[in-house]
Structure formats: structure tokens, C-alpha cells
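Under the UniProt record's numbering, think of the first position of the sequence shown as 1, with each following residue one higher.
All C-beta atoms in this analysis are idealised placements derived from N, C-alpha and C, irrespective of residue type, glycine included.
Notes to accompany the following structure.
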Amino acid sequence: MNPRDSDDDRPGAAAGSSSAATEQQQSLEWRFAQVFGERAAGEDVQEVDIISAIEFDKSGDHLATGDRGGRVVLFERTDVRDEHANRRELERQDVPITRHPEFRYKTEFQSHEPEFDYLKSLEIEEKINKIKWCQTANNALFLLSTNDKTIKYWKVQEKKVKQVSVMALDTSRTVGDGTTSRASTSTSEPPLPNGGCSKKSDSLNSDLLFPPGGYPSLRLPVTSQDVNLVARCRRVYAHAHDYHINSISNNSDGETFISADDLRINLWNLEINSQSFNIVDVKPTNMEDLTEVITCAEFHPTHCNTLAYSSSKGSIRLIDLRQSALCDNHSKIFEEHEAPGARSFFTEIIASISDVKFSRDGRYLLSRDYMTLKLWDLNMDSGPVSTFQVHEHLRPRLCDLYENDSIFDKFECCLSGDGLHVATGSYGNLFRVFGSTPGSMEVTTLEASRNPMRRQIANPTRPTRGTLTSMTRGVRRGGENLGVDANGNSLDFSTKLLHLAWHPTENSIACAAANSLYMYYA
Numbered sequence: 001m002n003p004r005d006s007d008d009d010r011p012g013a014a015a016g017s018s019s020a021a022t023e024q025q026q027s028l029e030w031r032f033a034q035v036f037g038e039r040a041a042g043e044d045v046q047e048v049d050i051i052s053a054i055e056f057d058k059s060g061d062h063l064a065t066g067d068r069g070g071r072v073v074l075f076e077r078t079d080v081r082d083e084h085a086n087r088r089e090l091e092r093q094d095v096p097i098t099r100h101p102e103f104r105y106k107t108e109f110q111s112h113e114p115e116f117d118y119l120k121s122l123e124i125e126e127k128i129n130k131i132k133w134c135q136t137a138n139n140a141l142f143l144l145s146t147n148d149k150t151i152k153y154w155k156v157q158e159k160k161v162k163q164v165s166v167m168a169l170d171t172s173r174t175v176g177d178g179t180t181s182r183a184s185t186s187t188s189e190p191p192l193p194n195g196g197c198s199k200k201s202d203s204l205n206s207d208l209l210f211p212p213g214g215y216p217s218l219r220l221p222v223t224s225q226d227v228n229l230v231a232r233c234r235r236v237y238a239h240a241h242d243y244h245i246n247s248i249s250n251n252s253d254g255e256t257f258i259s260a261d262d263l264r265i266n267l268w269n270l271e272i273n274s275q276s277f278n279i280v281d282v283k284p285t286n287m288e289d290l291t292e293v294i295t296c297a298e299f300h301p302t303h304c305n306t307l308a309y310s311s312s313k314g315s316i317r318l319i320d321l322r323q324s325a326l327c328d329n330h331s332k333i334f335e336e337h338e339a340p341g342a343r344s345f346f347t348e349i350i351a352s353i354s355d356v357k358f359s360r361d362g363r364y365l366l367s368r369d370y371m372t373l374k375l376w377d378l379n380m381d382s383g384p385v386s387t388f389q390v391h392e393h394l395r396p397r398l399c400d401l402y403e404n405d406s407i408f409d410k411f412e413c414c415l416s417g418d419g420l421h422v423a424t425g426s427y428g429n430l431f432r433v434f435g436s437t438p439g440s441m442e443v444t445t446l447e448a449s450r451n452p453m454r455r456q457i458a459n460p461t462r463p464t465r466g467t468l469t470s471m472t473r474g475v476r477r478g479g480e481n482l483g484v485d486a487n488g489n490s491l492d493f494s495t496k497l498l499h500l501a502w503h504p505t506e507n508s509i510a511c512a513a514a515n516s517l518y519m520y521y522a
């Protein structure tokens, strides 16, 4: 059974089904689809070319990437979407109707440039931190991009450029009695600015000798239209954040968006860049009392008044914009309390949440901390529905990871459109896909390369379960034996897969390995 064929797209939809049906659900078989910017063997990667953001639009027909050089690159889907039109032909050829998405390069533009804040003596990098697609209008694409300080609103549209060839007479041909034809442009008198001539009309009539049959060599102007993609910055939202912007998120109303830094979340109107409203402020009166910072913020996909933001202490707060102008109080908080006696120097560091994503229906929240993925039900704040182990094998090496700053790496996460799978990145250019339905033991480790299954590792054995169901206590699964890869080599911490995105309607993943964009389908 294909997970996309499920009648209910919620991760908990299978809770009432039998365990036998759950076991029979086939795991996704991932295959390589495309790669853009693939490195040759031994080729050095320029720092400015490293991809720092990936985002599909809501339709899945466009994909945007941002890099550390401040550029935004757009890709568009090219495979045929109208399946019913060619159904008979496909059946005649015995070709499966469903195809994986295929993309091609569309355009690119320079979104941000390096700047210098003279008041704070601070260099501002051009690196793109986040990209978010906005609603399309009049066949134009709109998107938001941000670096550490400045958000820009871009419009990308096709512009038709008409080119006209110069109208002229071919003077090399002779007409009638063999005399060479003369054009009015051959006069030595300069033309007037309005297109006229200083000669009188009688001299013009004597100069233009039109034969009865006309000039066979007269060439009419030929026009040609070239279509160019033009990116234009419509608005710049600046000077609203004292700290580095870590996230932006569009509202479902299509009119507003939020931007978040370490201590504040601001609400903007897309049409107004002169002011924003501060809706969350966690800055204490005395900065010495600061205990946690904001790490990520995300609007609910359908409720325009609801948003969630995560903190460095591992908690996720849900706030309602209808409560007050400044949302000091949260409506719900999602956090998992640590076991007594388990606290160490690294506890708060590895508990910090680096990314938060809502499921498409808005029922669930997926969070990524350094060690795990956690799936939360918005109706159950007592604990996560499921916990997926990603870096548990690195726990004995936390001291080394702290020394080389790898412990501060911020990995992103994503959910499938049907909510049945989740994914996140790891070291060694690996990423992992988990089945998120209760009872699912699906765990797939893939490498960002043309052969994604090269480092495939056998799934761990089913953990023992207590008497409580997986909906009332978190199910911990996936990967206690991943300290080394299939060849027995330890993972390379210098290569990491931080950014990835799941296609909104199909089982297709785009992920970034340094300057290369890899795409896979199942």
C-alpha cells in the first residue's frame, strides 16, 4: 500500500488499524533523480557557493535555493503534470503514469550583498539564511529572502523584449534603366529631431524616384520577441533586528509574515516596510538574567492567528495573536523533561531546537534538536508522540563535538505532504527518513550522492514496548548502531547535510551537500 493512498493524511490515522496492516505497509524505496552543481572528484568548493537554504513552493512546481554568496537560484518543474490527457498513450506504451518530479534551472539573481554596520562596527554577511515563497499573482513569482539583518521581497516575472531590425533599401540592385536606386536617407543633410528633414518638399520629391513596380529589394522591419526572466526587489525590510535573523515565516492570510531573531519576533505587512510590530520579546531587563533564546519561529499553515517558536532550552511555545498585542504568555508549551540525574554540561546544548515545522494539516509539529527528531500533537502537550533517534551514537563523542563546534550545527527537518514520513540530515552527507505512523519501524539512511543507498544500514530491531500505547508515551526508535558507516569508517564531521525540503504533494526530497543540490524520489 502506498502511503499516499491513505484516506486520512494524519500521522495518527493508522492508530486504529491492526498491527498486521501496519507491518505490511511497504517502506519507501528511494532512488536518485537529479543533481545540480555536482562536484568533480577532488574539486574544491568555494565558500560562497555552499547552499544555505532550500524551499519548495506550495504547488511543488518551483524550488528555490540560497547560498552563502547571497544568491538565490530558482528551479522549475518540467515533467508533464496532466496525467489524464496522455493516459491512453501511456497505457499503450505500458509506461507508468506516475512520474517523479523533474526540475530544470530557471534563473538566479543576487539577493544580498555584504554590508558594514558603521554604528556597531559589524560586518553583515550576504549569506541567505531563509527563503519563503509567497502567493503568486499574474504569472509572477514572489518570495522572501533574508540574511542576518535584512529581509527582501522579490518579484520574478517574464518580460518580453521586442527586437526590431533596421528598415533599409538594398542599394546594390538597379531598377528600370539601370540607374542605382536612391533612398531618402542618402541625403547629406542631417535629419531634424522630430524625424523630418531640412530640405523642402520639392527636393524630396526629386530625390525619391520610385519606379512603377516599386522596389523589389525593400525589406520590411522584422520583429522578434525574447522572453527574459527579471527579478526585481519590491521591498526591503530592514533595521528591525538587533540580533541575527534566524527564521521568517509567511502567514496563511497572504498579507503578513514574521521574522525572528534571538530575542524578538516581529510581525510585518508585506506592503509596508517602514514599520513592524514586536509580538514576542524575551529580552530580560538585565541581560545577565538571560537563560534562553529564540531559535526558530513558524506560522500555523491554516490558522492565521497561531504561531509556534522554539527555544534553546528545548521547549516549543504556541501563541495566539488574538490574546494581546505583545504575546508575553503562551497558550501551550511543548517540552520533554529530562530524567533525574541525567543532567550534564552538554544537556542544554543538545536540547536546543534548531528547526520546527508544522504538518500540512496543522495538527502536528516536528522539531529537531541535536540528538533527535520529535513529533508533537498540538492536542497533547504532555510529551512527544514519537521520538526518532538521529545522533544517539554520537553521545560518547560530545566532548570532541564541542571542541570543534560541531555540537552547535543546526540541522533542519521536514515532513512529507501526507504526514506519514519525516526526514532530517546528519554528518557524512547522510540524511535519514523515518515512518511516523504509530507502530512503523521504517528507518532509511541515505547518502547525498548518485548512489543514495551506498551506505544503507540495516534497520534496528524492534524495541520492547511497555503496556502504554505509543500515543501516550513517546516511541523511541531508529539507530543505536550508527557510530560507523557500512564500511566501518567513522563519520566525517566536516561534511554535513544541514538543509533539506520535502515536496508538498509527492515523495520527493531535495537536499544540499555543500554546493550540490541532490533530488530523490520514492
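- In the structure shown, the three-state DSSP call for Met441 is coil.
- As the crow flies, the alpha-carbon of Ile407 is around 44 Å from that of Asn139.
- For Glu55, the enclosing beta strand (DSSP E) begins and ends at 51-56.
- Per DSSP, the unbroken alpha helix (DSSP H) holding Tyr402 starts and ends at 398-403.
- Counting along the chain, Ile349 sits inside the alpha helix (DSSP H) bounded by residues 347-351.
- Between the beta-carbon of Ser311 and that of Glu298 there is about 13 Å, and that puts the pair past the 8 Å contact cut.
- For Met453, no beta strand (DSSP E) encloses it, and the DSSP letter there is neither H nor E.
- In this structure Lys159 is not in contact with Glu55, their Cβ atoms being roughly 24 Å apart against a cut-off of 8 Å.
- Uninterrupted beta strand (DSSP E) stretches at least 3 residues long and entirely within the stretch 406-436 occur at 413-415, 421-425, 430-435, given in chain order.
- About 18 Å separates the beta carbon of Cys304 from that of Lys357, a gap too long to meet the 8 Å contact definition.
- In the DSSP assignment, Ser259 falls within the unbroken beta strand (DSSP E) covering 256-260.
- Distance from the Cα of Ala351 is smallest, within the candidate group Arg360, Gly362, Leu373, for Leu373.
- For Ile509, the closest C-alpha among the options Ser274, Ala240, His421 is that of His421.
- Inclusion of Ser274 and Asn266 in the CB contact set at 8 Å is not warranted, their separation being larger than that value.
- With a contact defined as Cβ atoms closer than 8 Å, Ser416 and Leu497 miss out at about 18 Å.
- Leu144 is positioned such that its CB atom lies no closer than 8 Å to that of Lys106.
- In the structure shown, Met287 adopts helical secondary structure according to DSSP, grouped into three states.
- His244 and Asp262 have their C-alpha atoms spaced approximately 7 Å apart.
- Taking C-beta atoms as the reference points, Glu108 and Val161 fail to come closer than 8 Å.
- Contact between the stretch 373-390 and the stretch 358-365 is present: three or more C-beta pairs spanning the two stretches fall below 8 Å.
- Judged by DSSP secondary structure, Phe75 falls within the beta strand (DSSP E) whose first and last residues are 71-77.
- Contact between Ile128 and Ser111 is confirmed by a C-beta separation of about 6 Å, below the 8 Å threshold.
- Phe142 places its beta carbon 8 Å or farther from that of Asn451.
- Here Glu292 carries a coil assignment [DSSP, helix/strand/coil].
- Taking Asp381 as the centre and dropping the five residues before and after it, the same chain places the C-beta of Lys332, Ile333, Phe334 closer than 7 Å to its C-beta, in chain order.
- Looking at Thr136, Val385, Asn286, Lys149, the one whose alpha-carbon comes closest to that of Lys120 is Lys149.
- Between Ala448 and Tyr370, the beta carbon gap of about 20 Å keeps them out of contact (Cβ cut-off 8 Å).
- In the structure shown, the three-state DSSP call for Leu321 is coil.
- Annotation for Asp67: Val48, Asp49, Ile50, Ile51, Ser52, Ile128 place their beta carbon closer than 7 Å to its own, counting only its chain and skipping 5 residues before and after.
- Taking 8 Å as the cut-off, the beta carbon of His241 is found closer than this to the beta carbon of Arg264.
- Shown here, Leu394 sits in a helix according to DSSP, grouped into three states.
- Of the residues assessed, Gly254 falls on the exposed side of the cut-off, its CB having fewer than 16 other CB atoms within 10 angstroms.
- Taking 8 Å as the cut-off, the Cβ atoms of Asp355 and Phe434 do not count as close.
- Here Leu290 is exposed. Its C-beta has fewer than 16 other C-beta atoms within 10 Å.
- Glu47 carries a helical assignment under DSSP once its states are collapsed to helix, strand and coil.
- Between Gly37 and Asn429, the beta carbon gap of about 14 Å keeps them out of contact (Cβ cut-off 8 Å).
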